[in-house]
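Chemist: One structure follows; several queries about it will come next.
There are 2 protein chains.
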Amino acid sequence: MNITPIGIIHSPFTEPKGMPIQPAGAVGVKGTVEVFSEFQAGLKDLDGFSHIILLYLFHRSEGFNLQVVPFMDNEPRGLFATRAPRRPNPIGLSVVQLDRIENGILHVQNLDILDETPLLDIKPYVPEFDGQIDVRTGWLEKVRKTVSKRRSDDRFK
Amino acid sequence: MNITPIGIIHSPFTEPKGMPIQPAGAVGVKGTVEVFSEFQAGLKDLDGFSHIILLYLFHRSEGFNLQVVPFMDNEPRGLFATRAPRRPNPIGLSVVQLDRIENGILHVQNLDILDETPLLDIKPYVPEFDGQIDVRTGWLEKVRKTVSKRRSDDRFK
């Protein structure tokens with residue numbers, strides 16, 4: 000199946016190195032999501048949602064390894080137990096805050112995405128679908144509360 | 000960019016009609032996620048997570064309309080303000096509960112996915128990344144608390 004970008008994400012992060020590794024580490028980082036004109040009719044009603052899910056291509060990632068040492072750890076972990084960008088299908092997922100929509104441009108916050116990233120889909124964030132409570136997070140349990148301070152390095156370039 | 004399935008999702012739902020429209024409506028529905036052998040090394044450490052995000056192909060969906068009448072509503076809404084399966088890039092996203100992993104087979108619950116759906120990616124669910132509080136949900140505000148009782152019909156076949 001073939002994937003076609005429906006827009007472009009613009010962010011302050013022009014290089015992978017030093018960027019936040021998740022939206023939780025990108026609180027207040029502002030950017031825009033440009034939706035191509037032929038898809039803008041699909042944005043109707045989206046401004047009622049405070050948070051949206053962006054699906055996008057990890058366009059700077061090539062290939063993958065099935066075991067990786069995540070940014071937040073020093074041990075090799077199974078790729079699917081991590082959010083590393085080099086994946087068999089390099090599709091990224093971020094929940095961001097939607098501030099407003101103007102002329103097909105979404106103004107968003109908490110953006111942990113590289114500048115010029117191809118957008119694949121936008122979905123509304125709905126707590127009943129997407130939020131979970133009583134969650135265990137395996138190897139991340141010890142480190143996840145520090146994620147806001149972590150920054151990426153070169154390892155997944 | 001080309002997308003290649005890394006596995007197959009098996010569920011009790013062999014037809015779109017009558018299936019739950021979101022995991023919240025599929026509480027207790029059990030199924031399995033079969034990860035192809037060449038990707039199974041990437042499952043290491045995943046069993047520490049109680050919830051996982053599945054990305055998959057809406058393989059029974061063809062084409063799309065930029066305005067749709069969602070299952071939970073009677074008015075046309077912008078496609079990107081809905082979770083309808085017919086999308087420019089027909090990629091689905093569900094958060095499911097992971098019970099156990101045996102021989103590359105993930106046993107999961109709360110499955111709102113059609114049988115034989117091609118799996119694209121598995122990501123660990125992490126509240127700090129994926130959970131949001133103080134959320135507005137636009138047109139869904141009035142209806143989302145009833146989502147567990149809604150079932151799909153033929154409209155997105």
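From first to last, the protein sequence lines are chains Z and Y. If you use numbering that gives the first Met the number 0, the first sequence closes out at 156, no skipped numbers anywhere. If you use numbering that gives the first Met the number 0, the second sequence closes out at 156, no skipped numbers anywhere. Glycine is no exception: its CB is placed at the ideal position from the N, C-alpha and C atoms. Predicted model only: the values in this text are computed from it and were never measured.
#1: Suppose you measure from the CA of residue 109 (chain Z) to the CA of residue 116 (chain Z); what does that come to, to the nearest Å?
#2: Only counting the same chain, and skipping five residues up and downstream in sequence, which positions put a Cβ closer than 6 Å to that of residue 60 (chain Z)?
#3: Do we get a CB-CB distance below 7 Å when we pair residue 60 (chain Z) with the residues of chain Y?
#4: I think residue 2 (chain Z) touches residue 55 (chain Z), with their Cβ atoms under 8 Å apart; what is that distance to the nearest whole Å?
#5: What residues of chain Y sit near residue 31 (chain Z), judged by a beta carbon separation below 7 Å?
#6: Work out the CA separation of residue 53 (chain Y) and residue 97 (chain Y) for me, nearest whole Å.
#7: Among all the DSSP beta bridges, which residues are the ones paired with residue 1 (chain Z)?
#8: For the pair the segment 117-136 of chain Z and the segment 34-45 of chain Y, tell me if three or more CB-CB distances fall below 8 Å.
#9: Say whether the segment 23-42 of chain Y touches the segment 66-79 of chain Z, bearing in mind that this needs 3 or more beta-carbon pairs closer than 8 Å, one atom from each stretch.
#10: Beta carbons nearer than 7 Å to chain Z: which residues of the segment 91-117 of chain Y have them?
#11: Threshold first: 3 residues or longer. Then list the beta strand (DSSP E) segments lying entirely within the segment 61-113 of chain Z, N to C.
#12: Within the 7 Å Cβ cut-off, does residue 79 (chain Y) reach chain Z?
#13: Return the residue from the list Y:32, Y:18, Y:16, Y:25 that minimises the CA-CA distance to residue 4 (chain Y).
#14: With a threshold of 7 Å between beta carbons, is residue 26 (chain Y) in contact with chain Z?
#15: Note the first and the last residue of the continuous alpha helix (DSSP H) segment covering residue 129 (chain Z).
#16: Determine the closest residue to residue 129 (chain Z) out of Y:51, Y:107, Y:10, Y:28, with distance taken between C-alpha atoms.
#17: Let's see if you can read the secondary structure: which residues bound the beta strand (DSSP E) around residue 122 (chain Z)?
#18: Can you tell me the Cα-Cα spacing of residue 141 (chain Y) and residue 91 (chain Z), whole angstroms?
#19: I'd like the list of long-range same chain contacts for residue 10 (chain Y), defined as Cβ closer than 6 Å, with 5 residues on each side in sequence excluded.
#20: Just the Cα atoms here: how many angstroms apart are residue 14 (chain Z) and residue 105 (chain Z)?
#21: Between the beta-carbon of residue 6 (chain Y) and the beta-carbon of residue 28 (chain Y), is there less than 7 Å?
#22: Using 7 Å as the threshold, is the C-beta distance between residue 107 (chain Y) and residue 95 (chain Y) below it?
#23: Determine, using beta carbons only, whether residue 121 (chain Z) and residue 70 (chain Y) come nearer to each other than 7 Å.
#24: 7 Å is my cut-off, CB to CB: does residue 0 (chain Z) come that close to chain Y?
#25: What span of residues does the beta strand (DSSP E) with residue 58 (chain Z) cover, start to end?
#26: If we count the other Cβ atoms within 10 Å of its Cβ and call it buried at 16 or more, is residue 36 (chain Z) buried or exposed?
#27: Rounded to whole angstroms, what is the Cα-Cα separation between residue 77 (chain Z) and residue 123 (chain Y)?
#28: In whole angstroms, give me the CA-to-CA distance for residue 73 (chain Y) and residue 139 (chain Y).
#29: Looking only at its chain, what residues have a beta carbon closer than 6 Å to the beta carbon of residue 75 (chain Z), apart from the 5 residues adjacent to it on each side?
#30: Residue 173 (chain Z) to residue 119 (chain Z), Cα distance in whole Å?
#31: Residue 134 (chain Y) touches chain Z at which residues, Cβ-Cβ below 7 Å?
#32: By the criterion of Cβ-Cβ separation under 8 Å, what are the contact partners of residue 5 (chain Y) in chain Z?
#33: In this structure, does DSSP put residue 140 (chain Z) in helix, strand or coil?
Modeler: So, from the listed chains and residues:
#1: Looking up residue 109 (chain Z) in the first sequence gives position 110. Looking up residue 116 (chain Z) in the first sequence gives position 117. In this structure, the CA atom of residue 109 (chain Z) is about 15 Å from the CA atom of residue 116 (chain Z).
#2: Position 61 of the first sequence holds residue 60 (chain Z). Result list for residue 60 (chain Z): 84, 85, 89, in chain order.
#3: Against the first sequence, residue 60 (chain Z) aligns to sequence position 61. False, the Cβ-Cβ gap to chain Y never drops below 7 Å.
#4: In the first sequence, the residue the question calls residue 2 (chain Z) occupies position 3. In the first sequence, the residue the question calls residue 55 (chain Z) occupies position 56. The pair is not a contact, with the Cβ atoms about 10 Å apart (cut-off 8 Å).
#5: On the first sequence, position 32 is the one that residue 31 (chain Z) refers to. Within chain Y, no residue has its CB atom less than 7 Å from the CB of residue 31 (chain Z), the nearest being about 15 Å off.
#6: The residue you call residue 97 (chain Y) lines up with position 98 of the second sequence. The residue you call residue 53 (chain Y) lines up with position 54 of the second sequence. Each residue's Cα considered, the two are about 11 Å apart.
#7: One-based indexing of the first sequence puts residue 1 (chain Z) at position 2. In the DSSP assignment, residue 1 (chain Z) forms a beta bridge with Y:1.
#8: Under the 8 Å Cβ criterion, the segment 117-136 of chain Z does not count as touching the segment 34-45 of chain Y, having fewer than three qualifying pairs.
#9: Contact between the segment 23-42 of chain Y and the segment 66-79 of chain Z is present, because at least three Cβ pairs lie under 8 Å.
#10: Taking a C-beta cut-off of 7 Å against chain Z, the contacting residues of the segment 91-117 of chain Y are 92, 94, listed in chain order.
#11: The qualifying runs are 90-101, 104-108.
#12: Residue numbering aside, residue 79 (chain Y) sits at position 80 when the second sequence is read from its first letter. Judged by the 7 Å Cβ criterion, residue 79 (chain Y) is in contact with chain Z.
#13: Sequence index remark: in the second sequence, residue 4 (chain Y) carries index 5 (1-based). Checked all of Y:32, Y:18, Y:16, Y:25; the closest Cα to residue 4 (chain Y) is Y:32.
#14: By one-based count along the second sequence, residue 26 (chain Y) stands at place 27. Nearest CB-CB separation between residue 26 (chain Y) and chain Z: not below the 7 Å threshold.
#15: Mapped onto the first sequence, residue 129 (chain Z) falls at position 130. Per DSSP, residue 129 (chain Z) belongs to the alpha helix (DSSP H) from 126-129.
#16: Taking the first residue of the first sequence as 1, we reach residue 129 (chain Z) at position 130. Per the Cα distances, Y:51.
#17: Indexing the first sequence from 1 puts residue 122 (chain Z) at position 123. Start and end: 116-123.
#18: Here residue 141 (chain Y) corresponds to residue number 142 of the second sequence, with the count starting at 1. Here residue 91 (chain Z) corresponds to residue number 92 of the first sequence, with the count starting at 1. A straight-line Cα-Cα distance of about 30 Å links residue 141 (chain Y) and residue 91 (chain Z).
#19: On the second sequence, position 11 is the one that residue 10 (chain Y) refers to. Closer than 6 Å at Cβ, skipping near neighbours: 30, 110, 112, 114.
#20: Taking the first residue of the first sequence as 1, we reach residue 14 (chain Z) at position 15. Taking the first residue of the first sequence as 1, we reach residue 105 (chain Z) at position 106. Going from the Cα of residue 14 (chain Z) to the Cα of residue 105 (chain Z) covers about 22 Å.
#21: Working through the second sequence from its first residue, we reach residue 6 (chain Y) at position 7. Working through the second sequence from its first residue, we reach residue 28 (chain Y) at position 29. The Cβ atoms of residue 6 (chain Y) and residue 28 (chain Y) do not sit closer than 7 Å to each other.
#22: As a working mapping, residue 107 (chain Y) is identified with position 108 in the second sequence. As a working mapping, residue 95 (chain Y) is identified with position 96 in the second sequence. Taking 7 Å as the Cβ cut-off, residue 107 (chain Y) and residue 95 (chain Y) qualify as a contacting pair.
#23: As a first step, residue 121 (chain Z) must be located in the first sequence, where it is residue number 122. As a first step, residue 70 (chain Y) must be located in the second sequence, where it is residue number 71. Against a cut-off of 7 Å, the Cβ pair of residue 70 (chain Y) and residue 121 (chain Z) comes out as no contact.
#24: Here residue 0 (chain Z) corresponds to residue number 1 of the first sequence, with the count starting at 1. Output row for residue 0 (chain Z): interface = yes.
#25: To locate residue 58 (chain Z), count along the first sequence from 1; it is residue 59. Where residue 58 (chain Z) is concerned, there is no enclosing beta strand (DSSP E), because DSSP gives it neither an H nor an E.
#26: Numbered from 1 along the first sequence, position 37 holds the residue referred to as residue 36 (chain Z). By the neighbour-count criterion, in which a residue is buried when 16 or more other Cβ atoms sit within 10 angstroms of its Cβ, residue 36 (chain Z) is exposed.
#27: Residue mapping note: residue 77 (chain Z) aligns to position 78 of the first sequence, counting from 1. Residue mapping note: residue 123 (chain Y) aligns to position 124 of the second sequence, counting from 1. Looking at the backbone, the Cα of residue 77 (chain Z) and that of residue 123 (chain Y) are separated by about 11 Å.
#28: One-based indexing of the second sequence puts residue 73 (chain Y) at position 74. One-based indexing of the second sequence puts residue 139 (chain Y) at position 140. One Cα belongs to residue 73 (chain Y), the other to residue 139 (chain Y), and the distance between them is close to 12 Å.
#29: In the first sequence, residue 75 (chain Z) corresponds to position 76, counting from 1. Cβ within range, chain order: 66, 68.
#30: This structure cannot speak to residue 173 (chain Z), because chain Z is shown only from 0 to 156.
#31: Taking the first residue of the second sequence as position 1, residue 134 (chain Y) is located at position 135. Under the 7 Å cutoff, chain Z gives 49, 50, 124, 126.
#32: Here residue 5 (chain Y) is taken as the residue at index 6 of the second sequence, counted from 1. The contacting residues are 87, 88.
#33: As a first step, residue 140 (chain Z) is located in the first sequence; it is residue number 141 there, counting from the start. It is coil, neither helix nor strand.
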